[in-house]
Amino acid sequence: MPKATSSTAKPAHKFVVDYSVPAGDNVFDAAGYEKYLQDRIKVEGKTGQLGENIKLSREGAKLVLTATTPFSKRYLKYLTKKYLKKNQLENFLRVVATNKDTYSLRYFKVDQDEEADEE
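For the sequence shown, the numbering used here gives the first residue as 54, with consecutive numbering after it.
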């Protein structure tokens with residue numbers, strides 16, 4: 054007996070970028086980041102044409118990307134790092150994978166030695 058599967062339903066890849074920490078400090082522009090991704094994500098070799106394949110949406114302090122075509126989580130990290138560099142934030146923020154499908158923007162931890170300050 055053959056399995057009943059729908060050929061129109063494609064598996065969706067869902068990735069989340071959590072920028073709640075820098076957005077809470079008014080350092081990160083969520084609307085600008087979403088616009089940057091819409092302009093830069095390549096679909097079939099063309100930028101700025103997401104169509105029905107890729108959906109971007111903001112949910113609070115998170116950006117959710119849902120793709121019905123193959124999409125790399127690494128590509129999302131690459132574009133996020135390029136956005137941070139463009140806005141001179143790469144020295145303060147870093148992109149950390151917190152889950153299988155989630156990235157989080159965190160501040161660099163600066164450990165200052167008290168001995169170095171005394172000298």
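Think of the CB as a built atom: it goes at the ideal place given N, C-alpha and C, for glycine as much as any other residue.
- Check the Cα spacing between phenylalanine 145 and each of Ser110, Lys67, Val80 and Thr100: the tightest is with Val80.
- Membership of lysine 135 in the alpha helix (DSSP H) is indicated by the continuous run 126-139.
- Relative to phenylalanine 161, the option among Thr155, Val148 and Tyr131 whose CA is nearest is Val148.
- Taking C-beta atoms as the reference points, glutamine 91 and leucine 116 fail to come closer than 8 Å.
- In the DSSP assignment, aspartate 164 falls outside any alpha helix (DSSP H), carrying neither H nor E.
- Glutamate 87 carries a helical assignment under DSSP once its states are collapsed to helix, strand and coil.
- By the neighbour-count definition (other C-beta atoms within 10 Å, threshold 16), valine 70 is a buried residue.
- With fewer than 16 other Cβ atoms inside 10 Å of its own Cβ, threonine 151 counts as exposed.
- For lysine 130, same chain residues with a beta-carbon under 7 Å away, outside a window of 5 residues either side, are Val148 and Tyr156 in chain order.
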